[in-house]
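Q: This note's numbering numbers the first residue of the sequence shown as 920 and each following residue consecutively.
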Amino acid sequence: MNETTKETYIISFMNMKGGVGKTTLCVNLADAISRKFDKSVLLIDFDPQANSTQYILKPEIYREIYDSEKTVYRIYKALIEDNNRISLVDGNANDDYEECDEEDENIEDIIYKVSEKFHLIPGDLNMVKIGKIADVNIQMSLSRFIDRIKTKYDLIFIDCPPTHSIYTESALIASDYYILPIKPDYLSSIGMDLFQRIVKDHNSKSPFKRVKCLGIVFTMVHSIEYYRDTMNKIKERKKFSVFDSYMKFSPTVAKNTENNKFFLDIRGKKQEIIMLSSEMLRRIYNK
């Protein structure tokens, strides 16, 4: 990691399966760590569905941001348009990333200030376009952008889509760690080994830094014996480090998400997210 004034840690939130509470965990850790632990946090919504963005921002605010093109897609726009233009002319891919990057001198205005120490780069459905281009510069764009702005933050979170794709590879290249949120049931947990192979394959082939697992976080946990048994079985396998803290199931989470409410402001969830945040910070800084 290149450093100037302080060390910044980049953490991706990943799972190959959707519906496991990944975005809810990512957003609320970012909010809690910034508010309760005085860390500056940037959340990059890297999922074309933009769920993190829709959790955090009211629809009218997001619409204004989207119309102003102040989203994560701006990191890629010039490169994609240049690539498409050259492909139409002679069929060749464009390798001149730096020239494209320099065209957007105001790229940092895509960063939205949620609060004093919690910033967001909003997601964008146009991000589906990057999956259609086989270009190493596309994979490197996120890492290069983060290198440009990371000294402003203690932590940078990347909320990734639930798929093995160029999004996953780009996030792995950029990250120091990843967190694997898992709902402790059979269907949600069977993808653990697949994900481990994906990361192992990435680390073995990548000329960049090796990404490490910060741990599994159990999410949407019900107070029934089946869930406890599943959690214990995963812990006993010892293939992944498992957080002691976890996120309990709550029927009100969906409504609170729709109303842009963070766990810190919800009775019954505040202490839970503080404990998860505290454990996450211990794992990062007490290594």
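Glycine included, C-beta positions come from ideal geometry on N, C-alpha and C.
Using DSSP with H/G/I as helix, E/B as strand and the rest coil, what is Ser1123?
A: The answer is helix: DSSP assigns Ser1123 an H, G or I state.
Q: Keeping to the same chain, check which residues put their C-beta closer than 7 angstroms to that of Val1161; ignore five residues upstream and five downstream.
A: Here the set comprises Gly1134, Ile1135, Ile1153, Lys1154.
Q: Please state the DSSP three-state secondary structure of Gly1134.
A: Strand, per DSSP.
Q: Kindly list the residues whose CB is nearer than 7 angstroms to the CB of Ala949, restricted to its own chain and excluding five residues on each side of it in sequence; keep chain order.
A: Val960, Leu962, Phe1037, Phe1076.
Q: Less than 8 angstroms between the beta carbons of Pro1041 and Thr1087, yes or no?
A: Going by C-beta atoms, Pro1041 is not nearer than 8 angstroms to Thr1087.
Q: Sorted by chain position, which residues of the same chain lie with C-beta nearer than 7 angstroms to Pro1164's C-beta, five sequence neighbours on each side aside?
A: The sequence given here places Ser at residue 1164; Pro does not occur at that position. Taken in chain order, the residues that qualify are Met1194, Leu1195, Glu1198.
Q: Tell me whether the beta-carbon of His1121 lies closer than 8 angstroms to the beta-carbon of Leu1091.
A: Yes.
Q: Ends of the beta strand (DSSP E) at Leu1074?
A: First-last of the beta strand (DSSP E) with Leu1074: 1074-1078.
Q: Once you ignore the five residues that flank Lys1158 on each side, which residues in its own chain have a CB closer than 6 angstroms to its CB?
A: There are no such residues.
Q: Less than 8 angstroms separating the beta-carbons of Ile980 and Lys1048?
A: No, Cβ-Cβ distance for Ile980 and Lys1048 is not below 8 angstroms.
Q: Do you know whose CA, among Asn1175, Phe1168, Ile984, lies nearest Lys1032's CA?
A: Considering only alpha carbons, the answer is Ile984.
Q: Spatial neighbours of Ile1117 within its chain, please: CB distance less than 6 angstroms, with the 5 preceding and 5 following residues excluded, ordered by chain position.
A: Closer than 6 angstroms at the Cβ level, and outside the excluded window around Ile1117, lie His1083.
Q: In angstroms, rounded to a whole number, what distance separates the CA positions of Leu1081 and Phe932?
A: Reading off the sequence, residue 1081 comes out as Pro, not Leu. Approximately 10 angstroms between the Cα atoms of the pair.
Q: In or out: Arg1129 buried (at least 16 other Cβ within 10 Å) or exposed?
A: Answer is exposed; the Cβ neighbour count stays below 16.
Q: For Phe1137 and Arg982, I'd like the C-alpha separation in whole angstroms.
A: C-alpha separation (whole angstroms): 33 angstroms.
Q: When burial is assigned at 16 or more other CB atoms within 10 Å of the CB, is Ala1173 buried or exposed?
A: By the 10 Å Cβ count, Ala1173 comes out exposed.
Q: For a test of the three-state rule: what should DSSP assign to Ile1029, helix, strand or coil?
A: Residue state, collapsed to three classes: helix.
Q: Would a C-beta distance cut-off of 8 angstroms place Glu1027 and Ile1068 closer than the cut-off?
A: A contact, by the Cβ cut-off of 8 angstroms.
Q: Measuring only the C-alpha atoms, how far is Lys1131 from Met1111?
A: Rounded to whole angstroms, Lys1131 to Met1111 spans 15 angstroms at the Cα level.
Q: Any idea if Leu976 is buried or exposed, counting beta-carbon neighbours within 10 angstroms, 16 or more meaning buried?
A: Its Cβ being crowded by 16 or more others within 10 Å, Leu976 is buried.
Q: Assuming Val960 is part of the beta strand (DSSP E), what are its boundary residues?
A: From DSSP, the beta strand (DSSP E) with Val960 extends over 960-964.
Q: Check whether the Cβ atoms of Ser1060 and Tyr1146 sit closer than 8 angstroms, and answer yes or no.
A: It is not a contact, given that the beta carbons lie outside the stated cut-off.
Q: Do you know offhand how far Val946's Cα is from Arg1186's?
A: Distance between the alpha carbons of Val946 and Arg1186 is about 17 angstroms.
Q: So the candidates are Asn1025, Cys1079, Asp1104; which of them puts its Cα closest to the Cα of His1141?
A: It is Asp1104 whose Cα lies nearest to the Cα of His1141.
Q: Buried or exposed: where does Lys1051 fall if 16 or more other Cβ atoms within 10 Å of its Cβ makes it buried?
A: It is exposed - the Cβ of Lys1051 has fewer than 16 other Cβ atoms within 10 Å.
Q: For a minimum of 4 consecutive residues, which ranges assigned as the alpha helix (DSSP H) are wholly contained in the stretch 1150-1204?
A: DSSP runs (the alpha helix (DSSP H)) wholly in the stretch 1150-1204: 1172-1177, 1189-1204.
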